[in-house]
């Protein structure tokens, strides 16, 4: 899940939500499971049922009791996280296959 460059997008992942792959969004509220690294240039909020199997790169973080991170917690400034967000960005036209930025909570993803 990758937000458009320069956006102030907010990703909300519900308790039953699951994402396989990196998440590169400026603001996020996570309460589901992510298998991949998380890059939050502005704010990352990990609710009590969140499970991250990967590293979290954050500018500001809030973590509830019960949240799990099975990887590193790496504090970065927003300026340092932005270039990391753009690494490995697919060179596809908007609206093409793989440009999906919206996920349905609880449905398995390939």
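In the numbering used here, the protein residues as written are 1031 to 1140. Virtual Cβ for every residue (Gly too), placed ideally from N, Cα, C.
query: DSSP state of residue 1075 mapped onto helix, strand, coil; result: strand
query: Residue 1057 CB to nearest heavy atom of the ligand ADP below 8 Å; result: Among the ligands in the structure shown, none appear at all, so the ligand ADP cannot be discussed.
query: First through last residue of the beta strand (DSSP E) which encompasses residue 1083; result: 1081-1083
query: Unbroken beta strand (DSSP E) run spanning residue 1104, endpoints; result: 1103-1105
query: Nearest-angstrom beta carbon gap, residue 1038 and residue 1052 [assumed within contact, 8 Å]; result: Not a contact, Cβ separation roughly 19 Å.
query: For residue 1054: DSSP bridge partner residues; result: 1032, 1069
query: Length of the line joining the Cα atoms of residue 1119 and residue 1034; result: Model confidence at residue 1119 stands at a pLDDT of 48, short of 50, so the residue's coordinates are unreliable and nothing is read from them.
query: 6 Å Cβ shell around residue 1073 - same chain, five flanking residues per side excluded; result: 1057, 1090
query: Environment of residue 1075 [buried if 16+ CB atoms lie within 10 Å]; result: buried
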